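Chemist: Note that this note's numbering has the sequence shown beginning at -18, numbered continuously upward. Note that beta-carbon positions come from the ideal geometry of N, C-alpha and C, so glycine has one too. On a predicted model such as this, the values are computed, not experimentally measured, just so you know. To start, I am sharing the structure in question, which I have written as structure tokens.
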Amino acid sequence: MLPLEPLDGVSPLSRLLRSALSAEVRAEIERVEALAGGGPRDPEAAPGAPFSGGPLVAAALGFARGALALREGALDAAALHLDGAAAAYGREGAAEARDLARCEAALARLRQGARSTCAGAIAELDAIAAGGDPGRRAAVVAMHYRGTAERLLGDAAAAQRTLLSALRRSEPFLGERAQILNSLGTLYVALGAHGAAEALLEHAAELHRRRGDAVGEAIACGQLGAAALGLGALERARAPLQRQEWLSARLGDAFGRARALTFLSELALELGRADDALALATSAREVAERAAPPLRIWIAYATRAIGRARRDLGDPGAAAALGEAGALFGELGNPLGAALAAWDRASVEALAAWEGGAVGAPAGTEAAAGGWFSAAWALGSLGLPARVAQLLGERRDIEEATLGPEADRPSPAREAAERALAAAAQTAPHLAVQREVELVYDRPDDLAAIAARRTAAQRNLGRLAALTLAPPGLVVAAIASPRLGARGLALPRERASAACVADLPGLAVWIWPAAAPPAAIFCDLDDLREVLGEAPRATFALAPLGRVLCPPLAGDVGAEMEAVEVGALLAQAAALGPGEVRIDARLGWPEEVGAGVEGLGFVVMR
């Protein structure tokens, strides 16, 4: 028995909970409650005639009140009603309805945002899933909500396994399948797999629309907006977020509406519309505060958006709002919130130092500089390089304002900072494009240097990817020079046939297919000498079974290879004298190769 099944033929509550206004749902619950006290129900009676519902009808009405409270964000009331409904179903032997009510009660507790509740919820959901046929609806829902709990605990791998398992079992239950797609999309947004998230969430939104499930569609739209933001498609993000806000307002869903308004305020900040952001964030906070209990996580995020909007508008109340948000994040134990709060503190301290006359100090005081690092490290450790890029850009803006006219003078430190920002922004195209537009007018030389470095890196990435298709066998060179490890000098030039797999201060490792001609290999080494301005030291060896398995991903370090050992080669290269080259006899190169290398000015050692 499904939880609302006792009301079949009496009320459309099941449909209304998916698509109707909260006031309409509440009125229908009250209507059925009034009818249920009117005496025994005659099967031949006209619709709307009074009847005595009995304990199962009472349980169904309690479930409906709990489901409505959950939808509205009244999480304490939701858990209370749903626990009561579960107990009532249990007394009547309606095991499936009981377990579904227990699942919804566990979800209400999870949504309260306290990590401490997750372990208890997982134990409850595991007990439900183990209590009968694993293919029944309640077991699928329990598995789905367990995946949600694992995501909230930060165990993405476990959450993915659980949700995919639930999806496989959800084929007979279209409504649950759509909800699981929502949760998988949410997980992939958190993991940064925004393309996969968009595909799943578009499917989920369509399923919800076909079923008339406005609640599920609102959730899917909200996550679609987040996925679009992750892809840097700011304008594309607006429409699904606005639809989530509209649907949530129509349904009385405080959680969904607060979330949508907060995201829209962040979007407005990204687009430079601080006044719009302030209005949206203020509305988000009001919605979150009116919920019962208050939605503290969205209060915190909305308060942060208020503080940042006020700061952009020059409002002196910005620091107080940012401090309040930081305190809330600390109370909630939210890792992302804590990292964002550290960023805000560094920004406030740097701006205060500048406004207090600390001209010339990089981004304010030494304490502020330490704050920038701790915030960036926390964001980077959460796998959010785009957020790190935003932080670096904000720090650069404050530092340039602090330095005044000095900021326009060429500086190795400033150039390095621009390269660091460009590297971090690779995962957020809109940030990279925004900065390129600024540089093309203000600092075209910096833009040209960054573009050349990016082109060389992409060329190297392409070569490494192509080597995954090559037959086994690599020529490996460990190269030593004091000038290596800076400014991408180790990246082979366009005409080279080498690929770089390691670039460290003073050391680099290049590889070639084993079939590469020795003359081409040493031409590459000669090109490197020209770039470095001095003759490097190098050791060449054959890795007969060596293969490139995978080029590096984003900030990954080096390529993934097999049957290649470079430790001893690096030690040998470091021990050589300037311009000396050691060639492994196993390469089988003829003597004239050595003569050709010496003709280029190197000293060959076999």
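Let me know the alpha helix (DSSP H) ranges lying completely inside the segment 470 to 511, each 4 residues or longer, listed in chain order.
Modeler: None, since the segment 470 to 511 contains no complete alpha helix (DSSP H) of that length.
Chemist: Once you ignore the five residues that flank residue 530 on each side, which residues in its own chain have a CB closer than 7 Å to its CB?
Modeler: The residues are 449, 541, 542, 543.
Chemist: Can you tell me whether residue 5 is helix, strand or coil according to DSSP?
Modeler: Residue 5: helix per DSSP, three-state reduction.
Chemist: If you run the structure through DSSP and keep just helix, strand and coil, what is residue 248?
Modeler: Helix.
Chemist: By how many angstroms is the C-alpha of residue 98 removed from the C-alpha of residue 526?
Modeler: Cα-Cα distance, rounded: 52 Å.
Chemist: With a Cβ-Cβ cutoff of 9 Å, do residue 522 and residue 456 count as a contact?
Modeler: Yes, the pair counts as a contact, with Cβ atoms nearer than the cut-off.
Chemist: Taking just the CA atoms, how far does residue 37 sit from residue 272?
Modeler: Roughly 29 Å between the two C-alpha positions.
Chemist: In whole angstroms, what separates the C-alpha of residue 576 from that of residue 585?
Modeler: Each residue's alpha carbon lies about 8 Å from the other.
Chemist: What three-state label does DSSP hand residue 458 in the structure shown?
Modeler: Note: residue 458 maps to strand in three-state DSSP.
Chemist: For the alpha helix (DSSP H) that contains residue 521, what are its first and last residues?
Modeler: Per DSSP, residue 521 belongs to no alpha helix (DSSP H); it is in the beta strand (DSSP E), 518 to 524.
Chemist: Would you call the segment 197 to 205 and the segment 218 to 229 touching, i.e. three or more CB-CB distances under 8 Å?
Modeler: Output reads yes: the segment 218 to 229 touches the segment 197 to 205.
Chemist: Would you identify the three-state DSSP class for residue 270, choosing helix, strand or coil?
Modeler: Helix.
Chemist: Restricting to Cα atoms, I'd like to know which of 387, 278, 414 is closest to residue 133.
Modeler: Among 387, 278, 414, the Cα nearest to that of residue 133 belongs to 278.
Chemist: Between residue 114 and residue 127, how many whole angstroms is the CB-CB distance? I'm expecting something under 8 Å.
Modeler: Going by Cβ atoms, the distance from residue 114 to residue 127 rounds to 17 Å, so no, they are not a contact pair.
Chemist: If you draw a straight line from the alpha carbon of residue 305 to that of residue 89, how long is it in whole angstroms?
Modeler: In a straight line, the C-alpha of residue 305 is about 26 Å away from that of residue 89.
Chemist: Is the CB-CB distance between residue 328 and residue 251 below 9 Å?
Modeler: No, these two residues do not count as a Cβ contact at 9 Å.
Chemist: Is it a yes or a no for the segment 474 to 484 touching the segment 423 to 434, going by three-plus beta-carbon pairs under 8 Å?
Modeler: Because the criterion of three Cβ pairs below 8 Å is not met, the segment 474 to 484 and the segment 423 to 434 do not touch.
Chemist: I'd like to know if the segment 487 to 497 and the segment 454 to 471 are in contact, where contact means that at least 3 CB-CB pairs between them fall below 8 Å.
Modeler: Short answer: they touch.
Chemist: When you compare the segment 236 to 249 with the segment 257 to 266, are there three or more beta-carbon pairs, one atom per stretch, that lie closer than 8 Å?
Modeler: The segment 236 to 249 is in contact with the segment 257 to 266.
Chemist: Could you round the C-beta distance between residue 554 and residue 461 to whole angstroms and report it? I think they count as a contact, below 8 Å.
Modeler: Between residue 461 and residue 554 the Cβ distance is about 4 Å, and since that is below 8 Å, they are a contact.
Chemist: Measuring straight from C-alpha to C-alpha, what distance separates residue 166 and residue 56?
Modeler: The straight-line gap from Cα to Cα measures roughly 23 Å.
Chemist: Pick helix, strand or coil for residue 342, following the three-state DSSP scheme.
Modeler: Confidence at residue 342 is low in this model, with a pLDDT of 48, below 50, so its placement is unreliable and the value that follows should be read with caution. Residue 342 falls in the coil class under three-state DSSP.
Chemist: List the whole-angstrom C-beta distance separating residue 172 from residue 137, where the pair is believed to meet the contact cut-off of C-beta under 8 Å.
Modeler: Confirmed, about 6 Å.
Chemist: Just list the residues that DSSP pairs residue 531 with in beta bridges.
Modeler: Answer by DSSP bridge pairing, in chain order: 541.
Chemist: So what does residue 515 bridge to, in DSSP terms?
Modeler: Answer by DSSP bridge pairing: none, since residue 515 is not bridged.
Chemist: Mind checking which residues open and close the alpha helix (DSSP H) that includes residue -9?
Modeler: No alpha helix (DSSP H) holds residue -9; DSSP gives it neither H nor E.
Chemist: Who are the Cβ neighbours of residue 445 in its own chain at under 8 Å, not counting the five residues just before and after it?
Modeler: Excluding sequence neighbours, residue 445 sits near 480, 482, 529, 532, 533, 540.
Chemist: Tell me whether residue 579 sits in a helix, a strand or coil according to DSSP, three-state version.
Modeler: Helix at residue 579.
Chemist: How should residue 537 be labelled, buried or exposed, when 16 other C-beta atoms within 10 angstroms of its C-beta is the threshold for buried?
Modeler: Under this definition residue 537 is an exposed residue.
Chemist: Pull up the distance between the alpha-carbon of residue 46 and that of residue 65, whole angstroms please.
Modeler: Straight-line Cα distance between these residues: approximately 11 Å.
Chemist: Compute the Euclidean distance between the alpha carbons of residue 112 and residue 123, then round it to the nearest angstrom.
Modeler: Looking at the two C-alpha atoms, the distance is approximately 11 Å.
Chemist: Given residue 217, which residues of its chain have a CB within under 8 Å of its CB, disregarding the five upstream and five downstream residues?
Modeler: Closer than 8 Å at Cβ, skipping near neighbours: 209.
Chemist: Label residue -13 either buried or exposed according to how many other C-beta atoms from any shown protein chain fall within 10 Å of its C-beta, with 16 as the threshold for buried.
Modeler: Looking at its Cβ environment, which holds 16 or more other Cβ atoms inside 10 Å, residue -13 is buried.
Chemist: Would you mind giving the Cβ-Cβ distance between residue 427 and residue 387, rounded to the nearest angstrom? I have them listed as a contact below 8 Å.
Modeler: Incorrect: roughly 16 Å between the Cβ atoms, too far for contact.
Chemist: What is the rounded straight-line gap between the Cα of residue 569 and the Cα of residue 135?
Modeler: Rounded to the nearest angstrom, the two C-alpha atoms are 53 Å apart.
Chemist: Any idea what DSSP makes of residue 27, helix, strand or coil?
Modeler: Because the pLDDT at residue 27 is just 48, under 50, the model does not fix this residue reliably, and the point stays unresolved.
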